[in-house]
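*Asks:* Just so we're aligned: the sequence shown equals residues 26 to 237 in this note's numbering.
The structure that follows is given in the form of structure tokens.
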Amino acid sequence: MAVEALAAVLSADGVAENAAILTSAVADADAKTAIADRPELFPDLVRILRDAASPAAIRCMAAAVQVRGRPARASMVRAGAIPALALAVAAAPTAAAEAARCGDGKAAIAADAAEVAAAVMGRMIRVGPAGREAAVVALWLSCCAGGGERRMREAVASAPEAVGKLLVVMQGDCSPTTSRMAGELLRAVRLEQERKGMAAAYDSRTIHVMPY
């Protein structure tokens, strides 16, 4: 199976096959590692994402990072995954969260702060509980962890309905850790909005959404 996967050209079918192997609970660990360690894997996935929003490519990217950890995160960022993910119809909060776990990933996210913030915030309420938690993790790592990135805080604060969406996440069916991260994001967003004189106008439109 590993030889066949390595030999496959990353067409739509090839990406789907690789994603299936990487995410399978029963697939051979060596097969997963062989796919995740391919030097051309992330550049090819980024190329596919730039051409079209491929859910299989996104799953393959996120799964490869989960299989190989830090080295794969660095490879993903170097391949230019952050702008490509932002263009992929905001369908990749899990991959964005993995990228934000390394310094180069945070820097790449900050370099495309407006696009990434719009992509993640735009889908946060519509991607289901797991997607919402991944979106919050990606934003928290970029905006808050280790002092965060000012450009990302500014971009998230400027995103439409940022406060309301974070409140919805906090009140929804999420883990205590996600709720805490959303609360810290909310405070960071409000501070940024107050700094820019945005808070009063925004709160008048979201008064119906109440925090705990």
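Quick reminder that beta carbons are idealized off the backbone N, C-alpha and C, glycines included.
Just so it is clear, the structure is predicted and the values come from calculations on it, not from any experiment.
Measure how close the beta-carbons of Val92 and Asp129 come, nearest whole angstrom, since I'm counting them as under 8 Å.
*Replies:* With a Cβ gap of about 19 Å, Val92 and Asp129 do not count as contacting.
*Asks:* Would you mind stating whether Cys85 and Leu70 have Cβ atoms separated by less than 8 Å?
*Replies:* yes
*Asks:* For the ligand NAD, I want to know if Lys221 counts as a neighbour, meaning its beta carbon is within less than 7 Å of at least one of the ligand's heavy atoms.
*Replies:* The model on display carries no ligand, and the ligand NAD is accordingly not part of it.
*Asks:* At which residues does the alpha helix (DSSP H) containing Ile150 begin and terminate?
*Replies:* It is not in any alpha helix (DSSP H) - Ile150 carries neither H nor E in the DSSP assignment.
*Asks:* What residue range does the alpha helix (DSSP H) around Ser200 cover?
*Replies:* Taken as a continuous stretch (DSSP letters only), Ser200 belongs to no alpha helix (DSSP H), as it is neither H nor E.
*Asks:* Would you report the Cα separation of Glu174 and Arg63, rounded to the nearest angstrom?
*Replies:* 31 Å
*Asks:* With C-beta atoms as the reference, is Val194 less than 8 Å away from Ala187?
*Replies:* no
*Asks:* So, for Ala122: in the same chain, excluding its five sequence neighbours on each side, which residues have a beta-carbon less than 8 Å away from its beta-carbon?
*Replies:* Ala159, Ala160, Val162, Ala163, Leu166
*Asks:* Taking Arg98 as part of the alpha helix (DSSP H), name the residues at either end of that continuous run.
*Replies:* 95-103
*Asks:* Identify the continuous alpha helix (DSSP H) that holds Glu123 and give its terminal residues.
*Replies:* 118-124
*Asks:* Does Gly173 come out as helix, strand or coil in the three-state DSSP assignment?
*Replies:* coil
*Asks:* Just to confirm before moving on: does the CB-CB distance between Ile107 and Val141 stay below 8 Å?
*Replies:* Yes, they are a contact pair.
*Asks:* What do you get for Cys168, buried or exposed, if any count of 16 or more other CB atoms within 10 angstroms of its CB means buried?
*Replies:* buried
*Asks:* Assign Leu216 to one of two classes, buried (16 or more other C-beta atoms within 10 Å of its C-beta) or exposed (fewer than that).
*Replies:* That one is exposed.
*Asks:* Which residue marks the beginning of the alpha helix (DSSP H) containing Ala61, and which one marks its end?
*Replies:* 54-61
*Asks:* DSSP on Pro64, reduced to helix/strand/coil?
*Replies:* coil
*Asks:* Can you tell me where the alpha helix (DSSP H) holding Lys131 begins and where it ends?
*Replies:* 128-136
*Asks:* Cα separation between Pro66 and Ala82?
*Replies:* Note that residue 66 is Leu in the sequence shown here, rather than Pro. Answer to the nearest angstrom: the Cα atoms are 10 Å apart.
*Asks:* Taking all protein chains shown into account, decide if Ala213 is buried (16 or more other Cβ within 10 angstroms of its Cβ) or exposed.
*Replies:* buried
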